[in-house]
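Enquirer:
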Amino acid sequence: MKRFYLLSVLMVMFTISANAQLEVNSLGDVRIGYYDSHGSYKINLLAGSTADNSSVANIGIMGKSVVTGYGTAASCGVYGMASHSYTGMCYGVAGSLLSNSNGAGVMGGTSDFMGYNLYGKYAGYFLGNFDVVGSVTAPSIIQPSDLQLSDNITSISSRGGSALNKLLDMNVVEYTRKPLIPSLKLPDTVSVEKVLQDANVDIDKKHFGLIAQELQTIYPELVVKGQDGYLGVNYIELVPILVRGIQELKSEVNELKAEVKELKAKCAGVEKTDIDELESEGIQISLK
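Going by mature numbering (1 follows the signal peptide of the UniProt record, and there is no 0), the letters in the sequence shown line up with residues -20 to -1, 1 to 268, in that order.
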């Protein structure tokens, strides 16, 4: 009876085209629009969507989850899990951009982004903050710095004070991380240590850096407050300040070199005068 009810619901939910397949095997497993006879499945759905009008949103599969009551359970529009015991690859959720036009294989946002135009092709594109528990590995990290995107441009020297002196005021420390994930509220049944271990986060590993609260008194612009209330440091924008500090140090070195050169010239003149006076008195001086 349950299998008959499930089949009835599926037939109501999906409109099956003439060339699609709906099959129920002897175990009660159901597959829809799935043409591969291999593998293990309960319900496999192959959905497709085509449109001649490019101004219309074209969606193959859409998932939506709305909770109007109360509770603490998670709500997911699309949730994917994958696991097997052999050596093949597993993808919980996979997306690919196959078109020659601009777009993204996976796109995420904190608001409805349907209809947004992307300038380029991306494996992933995100509209909003992006948080990672673990490490981020990339050949390079680019921060936009185009003149066309910048406004209110002034030299850092106009702030007054010495960037070099401010760098010397910074307290560089080494530390280990506490077993905390501030941005993630875990259920009571899940330990933070287990999540960190699964994410390959070594809480005993030594790190080097600056304490945000201390840096805030020197360069408050480099300190960012997260949505979880904790402070972070924008180390990338610390690089231009380091460059300015090196420039100031080079300027000081050049001034010292000029002073040393001047002192050497004066000393050479004094030595020559003294030698001439001694030789005039009949004392021979030999400089080696």
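C-beta atoms are modelled at their ideal positions from N, C-alpha and C, and glycine is treated no differently.
Starting from V204, follow its DSSP beta bridges and name the residues at the other end.
Expert: Residue numbering aside, residue 204 sits at position 224 when the sequence shown is read from its first letter. DSSP output for V204 lists G212 as bridge partner(s).
Enquirer: So the alpha helix (DSSP H) F174 belongs to, where does it begin and stop?
Expert: Stepping through the sequence shown from its first residue, residue 174 is reached at position 194. For the record, residue 174 in the displayed sequence is Lys; it is not Phe. Counting along the chain, the alpha helix (DSSP H) containing K174 begins and ends at V172 to D178.
Enquirer: Rounded to the nearest angstrom, what separates A245 and S231 at their Cα positions?
Expert: Taking the first residue of the sequence shown as 1, we reach residue 245 at position 265. Taking the first residue of the sequence shown as 1, we reach residue 231 at position 251. Whole-angstrom Cα-Cα distance: 21 Å.
Enquirer: Is it buried or exposed, R139, if we count other Cβ atoms within 10 angstroms and call 16 or more buried?
Expert: Position 159 of the sequence shown, counted from the first residue, corresponds to residue 139. Classification for R139: exposed.
Enquirer: Spatial neighbours of L160 within its chain, please: C-beta separation below 7 Å, excluding the five flanking residues on both sides.
Expert: For the purposes of this step, residue 160 is taken as residue 180 along the sequence shown, with counting starting at 1. Taken in chain order, the residues that qualify are V172.
Enquirer: Report, in whole angstroms, the separation of the C-beta atoms of S63 and C70, which I expect to be a contact under 8 Å.
Expert: Indexing the sequence shown from 1 puts residue 63 at position 83. Indexing the sequence shown from 1 puts residue 70 at position 90. About 6 Å separates the two Cβ atoms, so the contact holds.
Enquirer: Could you check whether A143 and I221 sit closer than 8 Å to each other, using their CB atoms as the reference points?
Expert: For the purposes of this step, residue 221 is identified with residue 241 of the sequence shown, where counting begins at 1. For the purposes of this step, residue 143 is identified with residue 163 of the sequence shown, where counting begins at 1. Contact flag set, yes.
Enquirer: Starting from E194 and walking both ways along the alpha helix (DSSP H), at which residues does that stretch end?
Expert: Mapped onto the sequence shown, residue 194 falls at position 214. Start and end: A192 to L195.
Enquirer: Check for me: the beta strand (DSSP E) holding K101 runs from which residue to which?
Expert: Walking along the sequence shown from the start, residue 101 turns up at place 121. That run of the beta strand (DSSP E) goes K101 to L107.
Enquirer: What do you reckon, are the CB atoms on N151 and L211 nearer than 8 Å?
Expert: Counting from one through the sequence shown, the residue named residue 151 turns up at place 171. Counting from one through the sequence shown, the residue named residue 211 turns up at place 231. The answer is no: Cβ separation not under 8 Å.
Enquirer: Going by C-alpha to C-alpha distance, which of S6, G225, V4 and V213 sits closest to N145?
Expert: Here residue 145 refers to the residue found at position 165 of the sequence shown. Closest option to N145, Cα to Cα, is G225.
Enquirer: State the Cα-Cα distance for the pair P119 and M87, rounded to the nearest angstrom.
Expert: For the purposes of this step, residue 119 is taken as residue 139 along the sequence shown, with counting starting at 1. For the purposes of this step, residue 87 is taken as residue 107 along the sequence shown, with counting starting at 1. P119 and M87: Cα-Cα distance of roughly 21 Å.
Enquirer: Confirm, please, whether the CB-CB distance from V113 to A192 is below 8 Å.
Expert: Indexing the sequence shown from 1 puts residue 192 at position 212. Indexing the sequence shown from 1 puts residue 113 at position 133. No.
Enquirer: If you check the beta carbons only, do D149 and I216 fall under 8 Å apart?
Expert: Within the sequence shown, numbered from 1, the residue matching residue 149 stands at position 169. Within the sequence shown, numbered from 1, the residue matching residue 216 stands at position 236. Taking 8 Å as the Cβ cut-off, D149 and I216 do not qualify as a contacting pair.
Enquirer: With burial defined as no fewer than 16 other Cβ atoms inside 10 Å of the residue's Cβ, what is the status of V219: buried or exposed?
Expert: The sequence position of residue 219 within the sequence shown is 239, counting from 1. By the neighbour-count rule (16 or more Cβ atoms within 10 Å), V219 is not buried but exposed.
Enquirer: Shortest alpha-carbon distance to G83 belongs to which of N97, T90 and S91?
Expert: The residue you call residue 83 lines up with position 103 of the sequence shown. For G83, the nearest C-alpha among the options comes from N97.
Enquirer: What is the C-beta distance between G60 and V73, in whole angstroms, given that I count them as a contact (C-beta under 8 Å)?
Expert: Numbered from 1 along the sequence shown, position 80 holds the residue referred to as residue 60. Numbered from 1 along the sequence shown, position 93 holds the residue referred to as residue 73. Right, their Cβ atoms sit about 4 Å apart.
Enquirer: Tell me whether Y50 is buried or exposed, calling it buried when 16 or more other Cβ atoms sit within 10 Å of its Cβ.
Expert: As a first step, residue 50 must be located in the sequence shown, where it is residue number 70. Per the 10 Å Cβ criterion, exposed.
Enquirer: Quick check on L127: buried or exposed, where buried means 16 or more other Cβ atoms within 10 Å of its Cβ?
Expert: Residue mapping note: residue 127 aligns to position 147 of the sequence shown, counting from 1. Answer is exposed; the Cβ neighbour count stays below 16.
Enquirer: Going by alpha carbons, who is nearest to K186 out of E201, E154, D131 and K101?
Expert: Within the sequence shown, numbered from 1, the residue matching residue 186 stands at position 206. With distances taken between Cα atoms, K186 lies closest to E154.
Enquirer: Tell me whether L2 sits in a helix, a strand or coil according to DSSP, three-state version.
Expert: For the purposes of this step, residue 2 is taken as the residue at position 22 of the sequence shown. It is a strand residue.
Enquirer: Would N214 pass as a contact of V223 if the rule is Cβ separation under 8 Å?
Expert: Within the sequence shown, the letter at position 234 stands for residue 214. Within the sequence shown, the letter at position 243 stands for residue 223. Not closer than 8 Å, so no.
Enquirer: Using DSSP with H/G/I as helix, E/B as strand and the rest coil, what is G83?
Expert: To locate residue 83, count along the sequence shown from 1; it is residue 103. The answer is strand: DSSP assigns G83 an E or B state.
Enquirer: Could you pull out every residue in the same chain whose Cβ sits closer than 8 Å to the Cβ of D184, ignoring the five residues on either side in sequence?
Expert: As a position in the sequence shown, residue 184 is number 204, starting the count at 1. Answer for D184: T156, listed in chain order.
Enquirer: For the beta strand (DSSP E) containing V153, name the first residue and the last one.
Expert: Translated into the one-based positions of the sequence shown, residue 153 becomes position 173. Element bounds for V153: V152 to Y155.
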